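The sequence shown runs contiguously to residue 96 in our numbering. For each residue, glycine too, the CB sits at the ideal point set by N, CA and C. Quick caveat: nothing in here was measured; it's all calculated off a predicted structure.
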Amino acid sequence: GILFTGELWEFLSFTERYPSIISNILLFGLTSALGQSFIFMTVVYFGPLTCSIITTTRKFFTILASVLLFANPISSMQWVGTVLVFLG
């Protein structure tokens, strides 16, 4: 796809300007593949419901960490939605 849109050349130009990005891209790909493997194994060994519960819980704590550690604002309605999703 990126070959036909011309974005490949933009990407190569970007990596020439910022070569340190290549290690970040490789690390991102590796950790993404590892994460997908854990998701797959969770579904295989524990079932999709357990995987869904783990994923929802992880996302809740990610939102909580974002608010507490990085002071990202969250409205009262967003809190209500977050709590409703977490309560299931």
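C-alpha gap between residue i and residue j, whole angstroms
{"i": "T39", "j": "S74", "result": "20 Å"}
{"i": "Y53", "j": "L16", "result": "40 Å"}
{"i": "S21", "j": "M85", "result": "43 Å"}
{"i": "S83", "j": "S45", "result": "35 Å"}
{"i": "E24", "j": "I30", "result": "10 Å"}
{"i": "T65", "j": "W87", "result": "15 Å"}
{"i": "A41", "j": "I47", "result": "10 Å"}
{"i": "N80", "j": "P27", "result": "31 Å"}
{"i": "G43", "j": "G55", "result": "16 Å"}
Beta-carbon proximity check, residue i vs residue j, cutoff 8 Å
{"i": "T58", "j": "I71", "result": "no"}
{"i": "F68", "j": "F36", "result": "no"}
{"i": "T50", "j": "I33", "result": "no"}
Helix, strand or coil at residue i [DSSP, three-state]
{"i": "N80", "result": "coil"}
{"i": "G96", "result": "coil"}
{"i": "G9", "result": "coil"}
Endpoints, alpha helix (DSSP H) assigned at residue i
{"i": "Y53", "result": "I29 to F54"}
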